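**Q**
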Ligand code: CA
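In our numbering, the protein residues as written are 614 to 835.
(1) Count the other C-beta atoms from every protein chain shown that fall within 10 angstroms of the C-beta of residue 666, then say buried if there are 16 or more, exposed otherwise.
(2) Kindly confirm or deny that the region 704 to 712 and the region 684 to 692 touch, where touching means at least three C-beta pairs closer than 8 Å.
(3) Give me the DSSP bridge partner(s) of residue 755.
(4) Give the straight-line distance between the Cα atoms of residue 777 and residue 680, rounded to the nearest whole angstrom.
(5) Looking at the structure shown, is residue 829 part of a helix, part of a strand, or coil, going by DSSP?
(6) What does DSSP give as the partner residues of residue 639 in its beta bridges?
(7) Under 8 Å by Cβ, that's how I've got residue 617 and residue 653 pegged, so tell me the actual separation to the nearest angstrom.
(8) Based on Cα-Cα distance, which residue from 717, 718 and 664 lies nearest to residue 564?
(9) Would you call the region 738 to 757 and the region 766 to 776 touching, i.e. three or more CB-CB distances under 8 Å?
(10) Cβ of residue 622 versus every heavy atom of ligand 1: is any distance shorter than 7 Å?
(11) What are the start and end residues of the beta strand (DSSP E) that includes residue 810?
(12) Counting only runs that start and end within the region 628 to 699, where is the beta strand (DSSP E) found for 3 or more residues in a row?
(13) Under a three-way DSSP split, which group does residue 741 fall into?
(14) Candidates 804, 769, 811 and 783: which alpha carbon is nearest residue 793's?
(15) Which whole-angstrom value describes the C-beta separation of residue 669 and residue 645, a residue pair presumed to lie in contact below a C-beta threshold of 8 Å?
(16) Taking only heavy atoms of ligand 1 into account, decide whether any of them is closer than 7 Å to the Cβ of residue 614.
(17) Here's the rule: buried if 16 or more other CB atoms are within 10 angstroms of the residue's CB, otherwise exposed. What is residue 828?
(18) Name the two residues that bound the continuous alpha helix (DSSP H) containing residue 728.
(19) What does the Cβ neighbour count give for residue 659, buried or exposed, with the cut at 16 atoms within 10 Å?
(20) Comparing the CB of residue 667 with every heavy atom of ligand 1, is any distance shorter than 7 Å?
(21) Using DSSP's beta-bridge definition, name the partner residues of residue 790.
(22) Is DSSP giving residue 770 helix, strand or coil here?
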């Protein structure tokens with residue numbers, strides 16, 4: 614799932630970016646409010662993490678701006694501003710959650726995961742389609758009870774397909790949520806990764822779970 618991080622302190626930004634990537638999230642980083650505003654309006658993020666004190670445009674204004682566009686993307690404000698009045702302002706301005714610095718990375722991850730589950734109307738962090746299981750906390754995938762090791766990108770792709778199981782997902786949807794700004798839209802990288810995934814989760818099984826929808830994309834279903 615794809616996250617936009619708007620944070621001007623480069624050290625903190627790269628620390629958070631690295632930590633999120635380790636959890637298989639796809640991350641774009643903006644170092645000021647203006648760049649954050651542009652990225653938030655052109656891309657379909659699953660979650661946005663906003664600092665408040667930012668050059669060009671502060672996080673509270675950016676949050677209001679995103680909500681004015683009727684976007685329901687979950688927004689988590691991450692800031693050193695710890696006064697109750699600031700929290701009220703952030704949450705009142707449309708943020709879904711508010712975490713103050715300094716923070717424990719584990720807590721940030723737990724909040725990110727909870728916001729994403731809520732967005733995707735998931736009741737638990739265990740996804741299951743037929744005998745295929747994905748544990749979002751442990752990042753483990755099993756088919757018919759057997760562990761299947763996946764690369765980070767394969768995992769992110771499978772997670773996206775499983776969250777949207779029984780639905781048709783287009784190549785554009787996949788590239789928007791499983792790749793970041795560096796994605797080359799003229800490449801066939803989505804199909805290449807789908808093939809990798811098929812080789813790992815479907816090959817050797819009677820029932821195929823990943824289905825191609827001609828001219829459109831893919832669906833994962835029983
Ligand atoms: Ca800042």
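Cβ atoms here follow ideal geometry from the backbone N, Cα and C, with glycine treated the same way. Just so we're clear, the structure is a prediction, and the values are computed from it rather than from any experiment.
**A** Here's the rundown:
(1) exposed
(2) yes
(3) 746 and 760
(4) 24 Å
(5) coil
(6) Its beta-bridge partners are 615.
(7) Indeed, because the Cβ distance is near 6 Å, the residues count as touching under 8 Å.
(8) The requested residue 564 does not occur in the structure, where the chain is confined to residues 614 to 835.
(9) As far as the Cβ criterion goes, the region 738 to 757 touches the region 766 to 776, which means the pair count is three or higher.
(10) yes
(11) No beta strand (DSSP E) holds residue 810; the alpha helix (DSSP H) holding it covers 802 to 814.
(12) 639 to 643, 660 to 663 and 688 to 692
(13) strand
(14) With distances taken between Cα atoms, residue 793 lies closest to 769.
(15) Contact holds; Cβ gap of about 5 Å.
(16) no
(17) exposed
(18) That run of the alpha helix (DSSP H) goes 718 to 732.
(19) It counts as buried.
(20) Yes, Cβ of residue 667 sits closer than 7 Å to a heavy atom of ligand 1.
(21) Residue 790 pairs with nothing; no bridge assigned.
(22) helix
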